[in-house]
Structure formats: structure tokens, C-alpha cells
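See below for the structure under consideration.
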Amino acid sequence: MGVDESDAVMPDRQGIAVQRNGFNAQEVAFNHGIRIDSVVVFDFVSYWSVVDRAVLIQADLSGHVRNEVIAHSIAHIEMAESLELAAALDGELWRGRVEMKVHHIVSRRLIPLADLRDALEIGNNMPDVAAILGVTEFLLGWRLQHLDDEELALIPVHLLNRLGWLPGMTADYPYLCLWPTSSSGEMLRQLAPGRHHK
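Residues in the sequence shown are numbered from 1 upward in steps of one, following the working numbering.
If you want it as C-alpha cells, here you go:
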């Protein structure tokens with residue numbers, strides 16, 4: 001008798017949520033001269049300052065969410081010189097456009113196509129595939145929704161179909177990204193004293 005696929009038991013999701021993608025956002029931040037500070041706050045998960053080249057993140061995030069939040073902040077800071085970011089900061093461009101661009105960058109960095117295909121071979125639902133990749137379901141959904149035709153041609157259709165997921169069936173947004181204001185540096189100095197200088 002064969003084992004019915006629906007009876008197969010996946011390992012505990014928390015146990016398999018590892019940095020399989022190999023993108024170590026903390027190391028990338030360090031190499032870019034971006035400081036990461038962990039703080040205990042209750043009203044946001046991450047806060048970034050282009051001017052201070054610093055990111056404050058919630059101290060109690062799990063490893064894969066922490067990596068994703070730092071990667072998200074790095075993408076914002078890398079866009080610091082872009083006309084798009086300047087226009088969004090000045091209120092001339094919808095900030096959602098910048099956020100979409102950041103999600104696109106982060107999803108491709110944290111979910112390379114080869115890793116996505118491998119994870120789809122192992123897991124058959126969104127929570128398991130996200131855990132295998134070490135990302136949130138939100139980011140996995142974003143990556144799937146934005147696969148181009150060339151990428152889709154490299155993934156067997158049955159692997160995508162068995163997920164039971166369609167674009168628009170997004171998971172909860174896992175973190176709140178606060179945009180910098182004129183008092184950004186002051187907030188960083190108050191929440192992480194001694195680390196940020198005027």
C-alpha cells in the first residue's frame with residue numbers, strides 16, 4: 001500500500017523555517033554600512049532612516065521575519081538616491097508604489113527561483129512552502145504573484161496548482177514599515193541612545 005499524499009506528515013513548520021535562501025540581511029546591512037538596532041516597542045516592527053543609515057526593528061521577531069524586515073529596510077535605504085523615493089517622501093508619489101518595488105526586490109533576493117522550485121517539490125501548501133524557504137507567507141505570495149513568463153516556464157504547473165493559492169489570496173501583511181520624517185534621527189537617538197549621533 002502506498003502512502004496517500006494527504007496523509008503524509010510535514011515536519012513542524014517552526015522547525016523548518018530556516019534561512020534556506022542564503023540571503024543574510026544582517027550581513028548585507030553591515031556591508032552597506034547600515035546599522036541595525038533592536039528595540040522593544042509596541043507600535044511598529046521596523047523603522048528606517050536614510051539619513052542615519054540605520055534601522056530599528058522589533059526585538060522579539062523570529063529569525064525569518066527579522067531577516068525579511070531587515071532586507072525590506074535595506075531595499076528602502078538602497079533607493080535613497082532615487083527620484084521615486086524622493087517624490088514619495090515629498091508627498092508627490094503614492095508611497096504604495098515604492099512599497100511594491102521594495103516587495104519585488106526583497107521577494108527576488110530571499111526567494112531565488114531554484115529555491116522556490118525545490119520548496120514547491122517538498123511542500124504542498126503555502127504555510128509549508130513559506131517555512132521551507134524561511135520567509136513569510138506574504139512574501140511567498142508576492143513572489144508567486146509576480147513570476148514572469150520565463151520563470152513560470154521553469155516550474156511544473158502541477159506544483160503551483162496543488163498549492164490551492166491564487167493571486168489576490170494574500171496572507172496578512174507581517175510588518176508595518178514606518179516612513180522617515182523630519183524627526184527620524186531624533187527618534188533613533190531616543191530609542192537607541194549612544195548609537196546615533198547628530
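We treat Cβ as the ideally placed atom computed from N, Cα and C, and that holds for glycine.
If you draw a straight line from the alpha carbon of residue 59 to that of residue 122, how long is it in whole angstroms?
Here residue 59 refers to the residue found at position 59 of the sequence shown. Here residue 122 refers to the residue found at position 122 of the sequence shown. Cα to Cα, residue 59 sits roughly 31 Å from residue 122.
Can you check the stretch 97-178 for any alpha helix (DSSP H) of at least 4 residues that lies completely inside it and give the ranges in chain order?
List check, alpha helix (DSSP H) in window: 113-122, 126-133, 137-145, 149-152, 157-161.
Is the stretch 109-121 close to the stretch 80-93, with three or more CB pairs under 8 Å?
no
With burial defined as no fewer than 16 other Cβ atoms inside 10 Å of the residue's Cβ, what is the status of residue 27: buried or exposed?
On the sequence shown, position 27 is the one that residue 27 refers to. It is exposed - the Cβ of residue 27 has fewer than 16 other Cβ atoms within 10 Å.
Leaving out the 5 sequence neighbours to the left and right, which residues in its chain are closer than 8 Å to residue 151 when beta-carbon positions are compared?
As a working note, residue 151 is residue 151 in the sequence shown. Cβ neighbours of residue 151 beyond the five flanking positions: 113.
Tell me whether residue 90 is buried or exposed, calling it buried when 16 or more other Cβ atoms sit within 10 Å of its Cβ.
As a working mapping, residue 90 is identified with position 90 in the sequence shown. With fewer than 16 other Cβ atoms within 10 Å, it is exposed.
Touching or not, the stretch 152-159 and the stretch 134-141, by the rule of three or more beta carbon pairs under 8 Å?
no
Where do the ends of the beta strand (DSSP E) carrying residue 54 lie?
As a working mapping, residue 54 is identified with position 54 in the sequence shown. Where residue 54 is concerned, the enclosing beta strand (DSSP E) starts and stops at 54-58.
On the CB-based measure, 16 or more other CB atoms within 10 Å of its CB, does residue 153 come out buried or exposed?
Locating residue 153 in the sequence shown gives position 153, where the first residue counts as 1. Its Cβ having fewer than 16 others within 10 Å, residue 153 is exposed.
How about residue 166 and residue 129: are their beta carbons less than 8 Å apart?
For the purposes of this step, residue 166 is taken as residue 166 along the sequence shown, with counting starting at 1. For the purposes of this step, residue 129 is taken as residue 129 along the sequence shown, with counting starting at 1. For residue 166 and residue 129, no; Cβs fall outside 8 Å.
Counted within 10 angstroms of its Cβ, other Cβ atoms place residue 32 as buried (16 or more) or exposed:
The sequence position of residue 32 within the sequence shown is 32, counting from 1. Flag for residue 32 reads exposed.
Here's a check: name, in chain order, each residue in its chain whose Cβ is nearer than 7 Å to the Cβ of residue 104, leaving out the five neighbours to either side.
Position 104 of the sequence shown, counted from the start, is the residue given in the question as residue 104. Answer for residue 104: 146, listed in chain order.
Where residue 96 falls, given that 16 or more other Cβ within 10 Å makes a residue buried:
Your numbering for residue 96 matches position 96 in the sequence shown. The residue in question, residue 96, is exposed, as its Cβ has fewer than 16 Cβ neighbours within 10 Å.
Counted within 10 angstroms of its Cβ, other Cβ atoms place residue 23 as buried (16 or more) or exposed
For this step, residue 23 is matched to residue 23 along the sequence shown. Taking all protein chains shown into account, residue 23 has 16 or more neighbouring C-beta atoms within 10 Å of its C-beta and is therefore buried.
I'd like to know whether the C-beta atoms of residue 56 and residue 69 end up nearer to each other than 8 Å.
Locating residue 56 in the sequence shown gives position 56, counting from the first residue. Locating residue 69 in the sequence shown gives position 69, counting from the first residue. Between residue 56 and residue 69, the CB-CB gap reaches or exceeds 8 Å.
According to DSSP, simplified to helix, strand and coil, what is residue 77?
Counted from its first residue, the sequence shown places residue 77 at position 77. In the structure shown, residue 77 sits in a helix (DSSP, three-state: H, G or I).
Alpha-carbon spacing of residue 63 relative to residue 25, whole angstroms
What you label residue 63 is simply residue 63 of the sequence shown in a count that begins at 1. What you label residue 25 is simply residue 25 of the sequence shown in a count that begins at 1. Rounded to whole angstroms, residue 63 to residue 25 spans 11 Å at the Cα level.
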